[in-house]
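Engineer: Dumping the structure here so I can ask a few things about it.
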Amino acid sequence: MEIIRGYKTELDLNHKQRTACLQHAGSARFTYNWGLARKQAAYAARKVAADPTSVKIPTAIDLHKELNALKPTEFPWMYESSKCAPQEALRDLDTAFSNFFAKRAKYPKFKKRSKGIGSFTLTGAIHVGPDWIQLPVIGKVRLFEHGYLPQDTDLHTTDRKTRKKWKKKGRVVTEPAHYLSATVSERAGHWFVSVQVKAIVPDPEPATGNPSGVDLGIKTLAVCSDGQEIPNPKALRGNLDKLKRTSRHHSKKKKGSNNRKKSKQQVARLHYRVGCIRENALHQATATITAKAKPSSKRPQAIILEDLNVAGMLKNHKLAQAIADVGLGEFRRQMTYKSHWYGNRLYLAPRFFPSTQLCSQCHRLPSVPLDLSVRTYCCEHCGLVLDRDLNAARNLLWLYTASSAEIDALGENVRPMVLALAAVSLKKEPNTE
Ligand SMILES: [Zn+2]
550 MEIIRGYKTE
560 LDLNHKQRTA
570 CLQHAGSARF
580 TYNWGLARKQ
590 AAYAARKVAA
600 DPTSVKIPTA
610 IDLHKELNAL
620 KPTEFPWMYE
630 SSKCAPQEAL
640 RDLDTAFSNF
650 FAKRAKYPKF
660 KKRSKGIGSF
670 TLTGAIHVGP
680 DWIQLPVIGK
690 VRLFEHGYLP
700 QDTDLHTTDR
710 KTRKKWKKKG
720 RVVTEPAHYL
730 SATVSERAGH
740 WFVSVQVKAI
750 VPDPEPATGN
760 PSGVDLGIKT
770 LAVCSDGQEI
780 PNPKALRGNL
790 DKLKRTSRHH
800 SKKKKGSNNR
810 KKSKQQVARL
820 HYRVGCIREN
830 ALHQATATIT
840 AKAKPSSKRP
850 QAIILEDLNV
860 AGMLKNHKLA
870 QAIADVGLGE
880 FRRQMTYKSH
890 WYGNRLYLAP
900 RFFPSTQLCS
910 QCHRLPSVPL
920 DLSVRTYCCE
930 HCGLVLDRDL
940 NAARNLLWLY
950 TASSAEIDAL
960 GENVRPMVLA
970 LAAVSLKKEP
980 NTE
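The sequence shown begins at 550 in my numbering and counts up by one.
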């Protein structure tokens, strides 16, 4: 199958390159804001127009044409950076608007320099060596990590040892990797490049292990119905305390002072560090669930997740911090593409499925809804005593088992829940990282 994989790694920029990157990011930010203003004006004109259909909202292509016409007179400085940066910024703007109209995101905002340098995307000729990447206009940039970015198309694994072994067996196809785009971004003084690579990998063997229900835990990051727990990273706690302390100190510094600038950097660095820990934990968790790194177990043939909506979650479901921070959407996204890679089928339980309330042994609801602070589930009907998260995970598994059994044989109150179990397909999630 053909997949598009993302790789992100840190750049080791020299002074000249850093200036070029700042210029490109500035150009992208400026274009985004310019395009947003143009679109806003068009929407405002449409509102007051007698015939709203006569007012056309400019698309990224329209705006790019318009920008090109303005460049020689209005924005000659734009010629110093690649034309890709503004072009991709306008495309991002279109995406921002369609996400807003699809109710996936808030209304697009203007980008401020004070909120961060931001990022820019380049397309075209991108070449990669063991410790460098060649980007259009910017040139050859050193990478901190050696041998991480793929130089060939066989990307089934990024594990260097495995790749070496494969090479020995003659399995690696040594065509150069096909790079689609590179996005350069800055975070807390570090510069990164994230590249999209097209690759053809062998189809995964269908997973044959027992199906697994996965509950996103409160105490732990996630709990599987077979009892496997994925704990929260230990490093998180200490860094969170430190972050709280540093931000408190920062807020007390005099505005405009040098000390405030310094403490701002400190806070940014800590945010970055905490973000890294969380991101890593989430990647490990989704990989563990889909690929089952444990040697004793097979990859689960089906994985059943809760379909949590974020608004509802904030009200009554204090999720593990790693997931709450990186986002449920991100968790779902990773689960979707990883289950595609590893040959598991992914299902979402319906929103109204009471996975935490139901008893996983006798499948009855308690007469009084369970208080969310109670850590242990005690069933009043059959006397089951079980960890709350594990009970929920088992309920999700039961939902799957019941739906593959005879639907007619199920009780009246169970049938709608089982019928609503939805399989998740990959078509919406082209991006992977
Ligand atoms: Zn029970």
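Ideal placement from N, C-alpha and C gives every residue a C-beta, glycine not left out.
Could you tell me whether any non-hydrogen atom of ligand 1 is closer than 8 Å to the CB of Q910?
Structural biologist: Numbered from its first residue, the sequence shown carries residue 910 at position 361. Yes, Cβ of Q910 sits closer than 8 Å to a heavy atom of ligand 1.
Engineer: May I have the straight-line CA-CA distance separating F880 from K847, to the nearest angstrom?
Structural biologist: Here residue 880 refers to the residue found at position 331 of the sequence shown. Here residue 847 refers to the residue found at position 298 of the sequence shown. Whole-angstrom Cα-Cα distance: 22 Å.
Engineer: Measuring only from the beta carbon, is C773 closer than 8 Å to any heavy atom that is part of ligand 1?
Structural biologist: To locate residue 773, count along the sequence shown from 1; it is residue 224. No, ligand 1 has no heavy atom inside 8 Å of this Cβ.
Engineer: Ends of the beta strand (DSSP E) at G762?
Structural biologist: Residue numbering aside, residue 762 sits at position 213 when the sequence shown is read from its first letter. Where G762 is concerned, the enclosing beta strand (DSSP E) stretches over S761 to L765.
Engineer: For Q745, which residues does DSSP report across the bridge?
Structural biologist: Mapped onto the sequence shown, residue 745 falls at position 196. Paired residues: G555 and S730.
Engineer: In this structure, how does DSSP classify Q906 when only helix, strand and coil are distinguished?
Structural biologist: Taking the first residue of the sequence shown as 1, we reach residue 906 at position 357. Residue state, collapsed to three classes: coil.
Engineer: Do R913 and ligand 1 come close, with the Cβ less than 8 Å from some heavy atom?
Structural biologist: Working through the sequence shown from its first residue, we reach residue 913 at position 364. R913 Cβ: within cutoff of ligand 1.
Engineer: Candidates L919, L948, R554 and D600: which alpha carbon is nearest I749's?
Structural biologist: Locating residue 749 in the sequence shown gives position 200, counting from the first residue. Here the closest residue by C-alpha is R554.
Engineer: Is the Cβ-Cβ distance between S909 and Y886 less than 9 Å?
Structural biologist: Translated into positions along the sequence shown, residue 909 becomes position 360. Translated into positions along the sequence shown, residue 886 becomes position 337. It is not a contact, given that the beta carbons lie outside the stated cut-off.
Engineer: Are the Cβ atoms of I779 and A851 separated by less than 9 Å?
Structural biologist: Along the sequence shown, read from residue 1 onward, the residue named residue 779 stands at position 230. Along the sequence shown, read from residue 1 onward, the residue named residue 851 stands at position 302. Contact flag unset, no.
Engineer: Below 9 Å between beta carbons: does that hold for A618 and A577?
Structural biologist: The residue labelled residue 618 in the question sits at position 69 within the sequence shown. The residue labelled residue 577 in the question sits at position 28 within the sequence shown. Contact flag unset, no.
Engineer: Which class does V690 belong to by DSSP, given the choice of helix, strand or coil?
Structural biologist: As a position in the sequence shown, residue 690 is number 141, starting the count at 1. Strand at V690.
Engineer: Taking L765 as the reference, which of I675, G876 and A594 has the closest Cα?
Structural biologist: As a working note, residue 765 is residue 216 in the sequence shown. Among I675, G876 and A594, the Cα nearest to that of L765 is on G876.
Engineer: Determine which residues share a DSSP beta bridge with G758 and list them.
Structural biologist: In the sequence shown, the residue the question calls residue 758 occupies position 209. G758 pairs with P849.
Engineer: Are the region 602-609 and the region 630-650 in contact at 8 Å, needing three or more beta carbon pairs?
Structural biologist: Touching, yes.
Engineer: Would the beta-carbon of G584 be found less than 8 Å away from any heavy atom of ligand 2?
Structural biologist: Looking at this structure, you won't find ligand 2 anywhere; what it does contain is ligand 1.
Engineer: Runs of 3 residues minimum, wholly inside the region 885-948: which ones carry the beta strand (DSSP E) assignment?
Structural biologist: Here the runs fully enclosed are 894-897, 925-927 and 934-936.
Engineer: Closer than 6 Å by C-beta to E551: which residues in its own chain qualify, once you throw out the five before and the five after it? Chain order, please.
Structural biologist: In the sequence shown, residue 551 corresponds to position 2, counting from 1. Cβ within range, chain order: I749.
Engineer: Does ligand 1 have even one heavy atom less than 8 Å from the beta-carbon of L671?
Structural biologist: To locate residue 671, count along the sequence shown from 1; it is residue 122. No.
Engineer: When the distance is taken between beta carbons, is R913 closer than 9 Å to H930?
Structural biologist: Position 381 of the sequence shown, counted from the first residue, corresponds to residue 930. Position 364 of the sequence shown, counted from the first residue, corresponds to residue 913. Against a cut-off of 9 Å, the Cβ pair of R913 and H930 comes out as a contact.
Engineer: Return helix, strand or coil for Q833, following the three-state DSSP convention.
Structural biologist: Position 284 of the sequence shown, counted from the first residue, corresponds to residue 833. Helix at Q833.
Engineer: Give me the DSSP bridge partner(s) of R983.
Structural biologist: A query on residue 983 cannot be resolved here, the shown segment of the chain reaching from 550 to 982 and no further.
Engineer: Secondary structure at T706, three-state DSSP: helix, strand or coil?
Structural biologist: By one-based count along the sequence shown, residue 706 stands at place 157. With a pLDDT of 49 at T706, under the threshold of 50, the predicted position of this residue should be treated as unreliable, though the coordinate-derived value follows. Here T706 sits in coil by DSSP.
Engineer: Taking contact to mean 3 or more Cβ pairs, one atom from each stretch, closer than 8 Å, check whether the region 677-692 and the region 554-570 are in contact.
Structural biologist: The region 677-692 vs the region 554-570: in contact.
Engineer: Looking at the structure shown, is E778 part of a helix, part of a strand, or coil, going by DSSP?
Structural biologist: The residue you call residue 778 lines up with position 229 of the sequence shown. E778 falls in the strand class under three-state DSSP.
Engineer: Just how far apart, CA to CA, sit H705 and Y896?
Structural biologist: Residue 705 sits at position 156 when you count from the first residue of the sequence shown. Residue 896 sits at position 347 when you count from the first residue of the sequence shown. The predicted position of H705 is uncertain, since its pLDDT is 47 and thus under 50; a value taken from the coordinates is nonetheless stated next. Spanning the two alpha carbons is a distance of roughly 24 Å.
Engineer: Under three-state DSSP, which class holds H695?
Structural biologist: Within the sequence shown, numbered from 1, the residue matching residue 695 stands at position 146. Note: H695 maps to coil in three-state DSSP.
Engineer: If you drop the 5 nearest sequence neighbours on each side, which residues of the same chain put their C-beta closer than 6 Å to that of V686?
Structural biologist: For this step, residue 686 is matched to residue 137 along the sequence shown. Answer for V686: S631, listed in chain order.
Engineer: Please specify which runs of the alpha helix (DSSP H), each continuous and at least 4 residues long, are wholly inside the region 587-638, giving them in chain order.
Structural biologist: The qualifying runs are 609-619.
Engineer: Tell me, please, which residues DSSP counts as bridged to W681.
Structural biologist: In the sequence shown, counting from the first residue as 1, residue 681 sits at position 132. W681 is bridged to R691.
Engineer: On the criterion of 16 or more Cβ atoms from any shown chain inside 10 Å, does T950 qualify as buried, or is it exposed?
Structural biologist: As a first step, residue 950 is located in the sequence shown; it is residue number 401 there, counting from the start. T950 should be labelled exposed.
Engineer: Give the C-beta separation of D790 and R827 to the nearest angstrom, bearing in mind that I take them to be a contact with Cβ-Cβ under 8 Å.
Structural biologist: Looking up residue 790 in the sequence shown gives position 241. Looking up residue 827 in the sequence shown gives position 278. At roughly 15 Å, the Cβ-Cβ gap does not stay under 8 Å, so D790 and R827 are not in contact.
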